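Read the structure below first, then the notes.
There are 2 protein chains.
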Amino acid sequence: MANNIAKKVSWSGEGTPLLNGAEERGYSGQASGGSMFHIGRMSTVDLEEETINTEELDPVKLRPSEIPHNEKLLSLKYESLDYDNSENQLFLEEERRMSPMSFRCLEISRWFICGLIGLLTGLIACFIDVVVEYLAGKKYEAVKHYIDKFTEDGGLSVSLLLWAILNSTFVMVGAILVAFFEPIAAGSGIPQIKCYLNGVKIPRVVRLKTLLVKVCGVICSVAGGLAVGKEGPMIHSGAVVAAGVSQGRSTSLKKDFKIFEYFRRDTEKRDFVSAGAAAGVSAAFGAPVGGVLFSLEEGASFWNQMLTWRIFFASMISTFTLNFFMTIYKGKPGEFSNPGLINFGRFDSENVEYNLYEIPLFIVMGAIGGLLGALFNVLNYWLTIFRIRYLHRRCLQVMEAMLVAAVSAAVSFAMIYFSSDCQPLKKNSQEEYPLQLFCADGEYNAMATAFFNTPEKSVTSLFHSPPGTYNPLTLALFTLAYFLLAFWTYGLTVSAGVFIPSLLIGAAWGRLFGILLSLLFPSKNTIWADPGKYALMGAAAQLGGIVRMTLSLTVILVEATGNVTYGLPIMLVLMTAKIVGDYFIEGLYDVHIRLQSVPFLHSEAPATSHWLTAREVMSSPVTSFNKIEKVGTIVDVLSATSTNHNGFPVVVNSGTDNESGRLCGLILRSQLIVLLKHKVFVERMRSQQNRRRLQLKDFRDAYPRFPPIQSIHVSQDERECLMDLQEFMNPTPYTVPEETSLPRVFKLFRALGLRHLVVVDDVNRVIGLVTRKDLARYHMGKHGLEEMDLAHA
Amino acid sequence: MANNIAKKVSWSGEGTPLLNGAEERGYSGQASGGSMFHIGRMSTVDLEEETINTEELDPVKLRPSEIPHNEKLLSLKYESLDYDNSENQLFLEEERRMSPMSFRCLEISRWFICGLIGLLTGLIACFIDVVVEYLAGKKYEAVKHYIDKFTEDGGLSVSLLLWAILNSTFVMVGAILVAFFEPIAAGSGIPQIKCYLNGVKIPRVVRLKTLLVKVCGVICSVAGGLAVGKEGPMIHSGAVVAAGVSQGRSTSLKKDFKIFEYFRRDTEKRDFVSAGAAAGVSAAFGAPVGGVLFSLEEGASFWNQMLTWRIFFASMISTFTLNFFMTIYKGKPGEFSNPGLINFGRFDSENVEYNLYEIPLFIVMGAIGGLLGALFNVLNYWLTIFRIRYLHRRCLQVMEAMLVAAVSAAVSFAMIYFSSDCQPLKKNSQEEYPLQLFCADGEYNAMATAFFNTPEKSVTSLFHSPPGTYNPLTLALFTLAYFLLAFWTYGLTVSAGVFIPSLLIGAAWGRLFGILLSLLFPSKNTIWADPGKYALMGAAAQLGGIVRMTLSLTVILVEATGNVTYGLPIMLVLMTAKIVGDYFIEGLYDVHIRLQSVPFLHSEAPATSHWLTAREVMSSPVTSFNKIEKVGTIVDVLSATSTNHNGFPVVVNSGTDNESGRLCGLILRSQLIVLLKHKVFVERMRSQQNRRRLQLKDFRDAYPRFPPIQSIHVSQDERECLMDLQEFMNPTPYTVPEETSLPRVFKLFRALGLRHLVVVDDVNRVIGLVTRKDLARYHMGKHGLEEMDLAHA
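The listed protein sequences correspond, in order, to chains X and A.
Okay, so the first sequence: first residue is 6 according to this note's numbering, each after it adds one.
Okay, so the second sequence: first residue is 6 according to this note's numbering, each after it adds one.
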């Protein structure tokens, strides 16, 4: 039972593991042969049974009630990205052939691609915004029409029904798209992009189809009135755009433009994906610097000046494009006042200033945000476990999404119905959708406005509406309702982000906090008077409490509010929220990453891990090849399911004794596959000279979807041939001595974005291999260093 | 002759080499024994003669007229920082003894220190600002009094004389301080901090005395009316504060607070210095994010999330402190409108918007800025060469500074005299110092204002004054005069920055550009109407053309203007300026770094360097020690001036044959010195057990000023003893095989901040050592890869 459940955890919360369903044909072959890790230490694992056996199989873990135990596992199904260039002879020859001018051309194409990434990401943001606004407007019109018509007849239930049906329909379309066409497009996509930037290859995450489903899905869920935002998905969209544009071809569309072939490797692609993610953040929040810092915070290990500069360029272009087209759309070209999808409005220091003695108050708000955020994460964690357990059928998922949509509508309606918070209708008011409902003429229902607005507008309204706009009770009820809706919504099989709901919840209780303050200390001075800044701090606290981002979030919020003097309080609030929240549970994205058992590498090794050395963490024994190896051996090793390695040290054996040979290179599974496919065999008749020499292009053409070993037919004759690996292996892999401490290994591994680190003894003989999972297994638990188990789930 | 000149290049442009003068006693011992580089390849170097001999001594280079040839050299006098921890047994034992709680305490102290750095940096900025403003006010009063008195009497020359004398006196005090007390405090300090963050140990750069001289010096030079700014020096000041605070002691004051002892090593110190530099930028420009990016751009190689976050904290605290105290000083507590020393004023997108078709214009301005910047740098380069050649006596330097001050006053006066740009005196005008001079009543002389204002205020005025405030001719003359004064001033023996003069020059011609545009196309539309945005772009272009910073400068300018929509044009302008400028000459700071022959590592290896391998770049042969080595041998090696290495591989010899042994560790000169000082010898009677075991504390106490080998007396008896290096050496140094390509070596070296990288053969025998200079020697010249020579100058 437990096994089933653990196996079925997948990104979207949908039940079918990504690698097992019929629709994953394109990938399954590769995946089954492609799990990169040595299981030397896991000799008891039985792959056929697909259970979560581990070396030290704990009987307790088999109890069905022990669902959360799978977070103590690291899945072996994820491969790593090859961020380290394989500097083999082919590569070096190509580099040496290139003139300074060609390097300059390459650099220019990198800039061009980044500009293109920014442009396309900005356009996608525009498209989403325009369509959502159009649909929301239509919906409002229809509902308003009915409400106006039936309010006096008492037939409100018809309006409610209409509203609920409209919302559910939208959401149904979105959920069907996601559940049946591309489950990886569910959610905000930020956890997946975090993993990708961290160096983990998440299947299907940067494909064109994912992008299409994501964009349509997010439009449907926002238009469907769910408690979601369209900002998170922009980050994913930007990343997909980047991965697509930079490769100069679409594997899905079977179209190869024959450009940018140089960039067809993981190193370059990951760099461009960072730029895409940054462009997405930039378009979402109008925060180009925040975007850059997001990419750096999540992805960077090695600081590359030119890369950062290009990322910044993509971000700038993205926010500029959005700004440019949105101002044209709104009929005010050239005003450039819409840098992002969400516009917090400017906080001018002259109007909304804060004082030194307010900082402790802000810190208290940060702590509240941390608590509420932890509560949100815990609830969502349980809900996700529940979903994994019982809601793994697609139709169930679609139905749940529709249910949430209907409940959202019903709750909103109920609150509007029972609230009597009437506010005078002001001229030039920010409310685009005032609903009179049961209010007197010339007034509008504030609660209705809060629910009918797009969440973005509600946030701005909470920040900037003058004191007295909102009734405290309205705010309290709204906070509660929206909190419950938001935690229920996150993890549904729809494309949607959690940024805006978090900001909205926080802004609501933050404003409430501000109002209560001014009620408690009415006469003190006028500095409490504006609850807008408390709304801002509350929003920061709540968002920080949920996602636990720090540096980039501060900058995003500072950029979005356009006021640098708010930097310090926002930073303090976010830090407090993170510290308080981390005491209970990690951030929402990390919870979901953990539920996926992704081998995520944090930026530093656990503090107390100096006890461990490379000898203890490495996997051994290692399957190695000789420089000149028999084809049959290679095919057998690659085909063996028990040794699904992805990188193989190449050694020179000094004698015939059993001891391992001296390291002279490292070759990847993908390279061997290409070699086998092109039958680069030696000593097989003399016709070999006629054969075209294998070029880097052949490797690039096969990238990134290398065929599985099973698809390559090697005849019995060919099995007897030899393969010369010398030209294709990386002759200078990084190595460490076996007594190197874990932090040192970790630093080297992370700084260079390695995939395999060879452990050698004092005469350079291979004794082990350190891979991502070997490092990711160690983490700081409540009681010091803890070790996770590895599993094929 | 050429030798003399090359030898005498030093940071301040003053003639005495840092290591030769009598006042460098404290350092000279260490330096003479401390140059870290192997000179295996430089067997012909004769250290006694102090000439610039190199292996391939070119006779052409000896011609006296060939001054600039020394920029093809790399000096061997600079040591590198040990950014890589030496994970020896002592270190590992300490780390392993520490509980998770102690790691948490360490982390908290890091945060505390960063807060303190921010606070102190902010206070220093306050102090400078207040004192400068006070002195400038006094000076204006005095001069205005005389001008008012004598204008009608025709005795203007008296006023001029008074003005010139006042200015010269201020500057004289500043110049004397710098020239006679701490020459390293000259200039902006940014090149030095760049080098430090790059990993080069610049002598005396982070000492308390340097800070004191820097602060007093900058006050004097700004008050003395030189064409300088006080922003650059803030970065240096922040760095010194950081280096001081983080060590918990002052070596100069001989005071040890016995705190923060854990941080007494290069790794931690360099991290704190990054925070200090960021805090300095933040205080100078009110740009905390810009500060972080400055530190990252200049210093970071390995991205460390927690470190970045702490740097950001220091920056925030710094700008907040400045803001807080300045608002109190100005009598408006709580308004927080002074985030930085320079305040550009807010560019509101509603008022000063730009349009798509203006972007090409901005790019043209960027090109102009690049050209003018290159001109500035070339002129300053020649001037610096001239100074090195003829102005190396201290009194000459002081006199030159005074001359510049007097000329600055005279030029200003002349321009005020001949200009008749009278502007009506407006109420609430930004001009704090209106001078009527020959204007009608109710008017003031615009040129006089431009010269009398602090440069910061002039910049703001150029950005924000309404159209028509400045006469085009005034602007043109002002640009010319200020350009000449600024290039003459930079490199004087005074503490002063180049940011503000650059901004001012650029703002002046930028505004002129805007005015000309509106004259050329008068009727087109109102978008040209405000020349303020052209002033901003001009300022960006000029500054970018001179200093060639990119990412951080964009963010600094965006933060200082408070408008994110200007981000893209500013970025494009800076990029254009950099591209155009780089075609002619590198950035001003880089010019000065090159003139110092500092082995500066850029962020990436030259593009076409795949031809080279570790075998070609490494230094060999390498002096190695055995695990248990005779004291006499160690003393001899350390004392030998011909092998002034700083790191020694420790090897195990398999046999008695002559071939080098297998690598088993790496030990630093500084560690050996401490070992010798504490006489950690074995096999010397049995009394050894009584001896206290050497602890990490002993190494920390000696840090950073390890005594020279000459100061350690080793008796003839002791020379026969043995020393066991095993406990103290780093047992897991990073290694590369000899066929590793240069870019790969470079990446490893830079990513981990290494000082020594051991090159080994296929059985782990030491065959060479790669150090900073070996990598810094290669750079892209006009004709492809070029190699620099190494010299002891």
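Think of the CB as a built atom: it goes at the ideal place given N, C-alpha and C, for glycine as much as any other residue.
Predicted model, so just to flag it, every value in this text is computed and none were measured.
Listed in chain order, the non-local C-beta contacts of residue 381/X below 6 Å within the same chain comprise 492 and 551, local neighbours out to five positions each way being set aside. Counting only Cβ-Cβ distances below 8 Å, residue 542/X has no contacts in chain A at all, with the closest Cβ about 15 Å away. Listed in chain order, the non-local C-beta contacts of residue 790/A below 7 Å within the same chain comprise 611, 613, 614 and 783, local neighbours out to five positions each way being set aside.
The beta-carbon of residue 767/X is placed less than 9 Å from the nearest beta-carbon of chain A.
In the assembly as shown, residue 407/X is a buried residue. Its beta-carbon has 16 or more other beta-carbons within 10 Å. A direct Cα-Cα distance of roughly 20 Å separates residue 267/X from residue 757/X.
Taken through DSSP and simplified to helix, strand or coil, residue 635/X comes out as strand. Contiguous alpha helix (DSSP H) elements confined to the region 366-436 of chain A occur at 399-423, taking only those with 4 or more residues.
Of all residues in the region 310-327 of chain A, those with a C-beta nearer than 8 Å to a C-beta of chain X are 310, 311, 313, 314, 317, 318, 321, 322, 324 and 325, reading in chain order. Under DSSP, residue 450/X forms a beta bridge with 427/X. For residue 627/A, no beta strand (DSSP E) segment is defined, and its DSSP state is neither H nor E. Here residue 500/X carries a strand assignment [DSSP, helix/strand/coil]. The C-beta distance from residue 563/A to residue 371/A rounds to 16 Å, too long to meet the 8 Å contact threshold. In this chain, the beta strand (DSSP E) harbouring residue 655/X covers 652-657. Selection 78/X, 108/X and 398/X evaluated against residue 183/X yields 398/X as nearest (Cα-Cα).
Distance between residue 605/X and residue 597/X, taken at the CA atoms: about 12 Å. Between the alpha carbons of residue 538/A and residue 197/X lies a distance of about 42 Å. For residue 728/X, the enclosing beta strand (DSSP E) begins and ends at 727-729. Between the region 313-324 of chain X and the region 253-266 of chain X, the count of C-beta pairs closer than 8 Å stays below three; the two stretches do not touch. Residue 678/X is not a Cβ neighbour of residue 733/X, given a cutoff of 9 Å. Here the region 273-286 of chain X makes contact with the region 241-250 of chain X; the two share three or more CB pairs at distances below 8 Å. Taking C-beta separations shorter than 6 Å and ignoring five residues to either side along the sequence, the partners of residue 556/A in its chain run 298 and 302, following chain order.
At a C-beta separation below 7 Å, residue 741/X has these neighbours in chain A: 737. The alpha-carbon separation between residue 717/A and residue 699/A amounts to approximately 17 Å. Within the same chain, Cβ atoms closer than 7 Å to the Cβ of residue 741/A are found at 619, 750, 753, 762 and 764, the five residues on either side in sequence being excluded. The continuous alpha helix (DSSP H) containing residue 195/X extends over residues 195-203. Annotated as proximal: residue 219/X and residue 194/X, with beta-carbon spacing under 9 Å. The beta-carbon separation of residue 127/A and residue 332/A, rounded to 12 Å, does not stay under the 8 Å limit for a contact.
Neighbours of residue 344/X across chain A, judged by C-beta separation under 8 Å: 569 and 570. Here residue 291/A has 324, 344, 345, 348, 564 and 565 as same chain residues with Cβ atoms under 7 Å from its own Cβ, once five neighbours each way along the sequence are excluded. Pairing residue 486/X with residue 140/X, the inter-Cα distance amounts to about 24 Å.
Per DSSP, the unbroken alpha helix (DSSP H) holding residue 102/A starts and ends at 94-102.
For residue 277/A, there are no neighbours in chain X by C-beta distance under 7 Å, as the nearest C-beta there is about 17 Å away. Contact note: residue 291/A reaches chain X through 569 and 570, using a C-beta cutoff of 9 Å and chain order. A direct Cα-Cα distance of roughly 27 Å separates residue 471/A from residue 503/A. Taking the Cα of residue 778/A as reference, the smallest distance to any Cα among 607/A, 715/A and 446/A is reached at 607/A.
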